[in-house]
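Trainee: Take this structure, written in structure tokens, and hold onto it; I'll ask about it next.
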Amino acid sequence: MSNLLLVLIFSTFLSTLEARILHRPRDFRCGRLIVFGDSLSDDGVEAEGESHGFLRNCNGKVWPEYVNSMLECDRYVNYAYSGAKSGMGNFYFDSFSGIQWQINQFLSNNKFLSDDPLVILQTGGTIDFFGGDNNATEVVENIQQTIQNITQTMSSGTLVILSLLDVSNSPGVQAAEDSEILQERLGHLISETNRQLHHIVLDSDLGTRRLNPFLRVRLIDINTVALAAMQSLNTTEPFTHHSPDLIPQAIYKYAYHDLWNPSTIVHYHIAKEIVRNLQQF
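Spelled out as structure tokens, the structure:
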């Protein structure tokens, strides 16, 4: 089957999703959507709106684009870079494109956010752990500092914080040498980070939500959503068109676009959960 036919089939599927999206009630007013994140959130330089990333790690739209469409935001700004660590650096660069670097770049031109924006922080840290970090302390400190930097500039609006996506069961980890050891290490580090993130955001005395009553703050566990979306999909290998018995419907059966990053179907479900939470405010 030709690549062109696969693209046409998948475009039809995405168009169907878009049709459903456009008929959703616009319960949440989205003036400006601002996104920070890593490979999960990078929409590539060809995306609509103001995008700053490297490339799209997906076989279709990624979750920020779906959220933007679902909410019909007036303006869409995406600072996410593939490979971003939780601090200043990237997997490939020491002091460029990390989550904190993204925040600093944005805030250098936006000293105060007073236009009731929707800010979504896809917390970094997974790349740090792939890079060799063996405890979650530095990642958690970076996340906490990032959240503080954002909230100090927001006088109104909504801050959504996404949990760290657990990639310990991804095809790349399963196929790696000493995969069981790597799977256990990543699973533990990501789980510990998310546990402490819950405390940072929701602690009854010192949590982000408690300290910023003028903001609408929400913490969303995207692992629950991703796991549910992947239940009926192939999670052991990424999709490939290099198969002699490939049929058109096969493209819908894979949970992963590549060894690490989820498919657009999973991104769609993550976006739906974000919108559902926003409509509860």
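Oh and the sequence shown: position 261 is 266 in this note's numbering, straight run, nothing missing.
Built from N, CA and C at the ideal position, the CB exists for glycine as well.
Let's see if you can read the secondary structure: which residues bound the alpha helix (DSSP H) around N154?
Mentor: Its alpha helix (DSSP H) spans residues 142-156.
Trainee: Is the beta carbon of S56 less than 8 Å from the beta carbon of D43?
Mentor: Result no, Cβ atoms of S56 and D43 do not sit closer than 8 Å.
Trainee: For the structure I just gave you, are there three or more beta carbon pairs, one from the stretch 204-214 and one from the stretch 268-282, closer than 8 Å?
Mentor: Output reads no: the stretch 268-282 does not touch the stretch 204-214.
Trainee: Just to confirm my understanding: we take H272, look at its own chain, exclude 5 residues before and 5 after, and list those with CB closer than 7 Å. What are they?
Mentor: Within the same chain, H272 has close Cβ partners C63, K66, V67, W68, Y71.
Trainee: Return yes when the Cβ of D208 is within less than 8 Å of the Cβ of S168, no when it is not.
Mentor: Taking 8 Å as the Cβ cut-off, S168 and D208 do not qualify as a contacting pair.
Trainee: Rounded to the nearest angstrom, how far is the Cβ of F41 from that of I132, given a contact under 8 Å?
Mentor: Not a contact, Cβ separation roughly 14 Å.
Trainee: Going by DSSP, what residue range makes up the beta strand (DSSP E) through T163?
Mentor: 163-167 is the span of the beta strand (DSSP E), which, as asked, contains T163.
Trainee: Spatial neighbours of V50 within its chain, please: C-beta separation below 7 Å, excluding the five flanking residues on both sides.
Mentor: For V50, where only same-chain residues beyond five positions count, the Cβ hits under 7 Å are S56, G58.
Trainee: Which partner residues of Y259 appear in the DSSP bridge assignment?
Mentor: Its beta-bridge partners are N239.
Trainee: Distance check for S91 and L283, CA to CA, integer angstroms please.
Mentor: Their Cα atoms are separated by approximately 25 Å.
Trainee: Going by the DSSP bridge assignment, what does M159 pair with across the sheet?
Mentor: M159 pairs with L118.
Trainee: Answer yes or no: does any C-beta atom of chain D fall closer than 8 Å to that of L232?
Mentor: This model lacks chain D altogether, as it is built from one protein chain only.
Trainee: Taking the alpha helix (DSSP H) that R34 belongs to, which residues open and close that run?
Mentor: Run containing R34: none; DSSP gives neither H nor E here.
Trainee: Kindly indicate which residue of F111, R37, S119 has the alpha-carbon position closest to the one of E77.
Mentor: Checked all of F111, R37, S119; the closest Cα to E77 is R37.
Trainee: Check whether the Cβ atoms of N2 and A260 lie closer than 8 Å to each other.
Mentor: This structure cannot speak to residue 2, because the chain is shown only from 6 to 286.
Trainee: If distances are taken between C-alpha atoms only, which option among F219, I148, N266 comes closest to S106?
Mentor: The residue you asked about is not Ser; residue 106 is Trp in the sequence shown. It is I148 whose Cα lies nearest to the Cα of W106.
Trainee: For my contact list, G162 and L202 are in at a C-beta cut-off of 8 Å; report their separation, rounded to the angstrom.
Mentor: With a Cβ gap of about 20 Å, G162 and L202 do not count as contacting.
Trainee: Have a look at D120 and I205 and give me their C-alpha separation to the nearest angstrom.
Mentor: Distance between the alpha carbons of D120 and I205 is about 25 Å.
Trainee: According to DSSP, simplified to helix, strand and coil, what is I205?
Mentor: I205 falls in the helix class under three-state DSSP.
Trainee: So R223 and V165 are supposed to be a Cβ contact under 8 Å. How far apart are they, rounded?
Mentor: At roughly 5 Å, the Cβ-Cβ gap stays under 8 Å, so R223 and V165 are in contact.
Trainee: Round the Cβ separation of S173 and I195 to the nearest angstrom and send it over; I've been treating them as touching at under 8 Å.
Mentor: Contact flag correct, Cβ pair sits at about 7 Å.
Trainee: What does DSSP give as the partner residue(s) for D48 in the beta ladder?
Mentor: DSSP, once it has assigned bridges, lists R61 as partnering D48.
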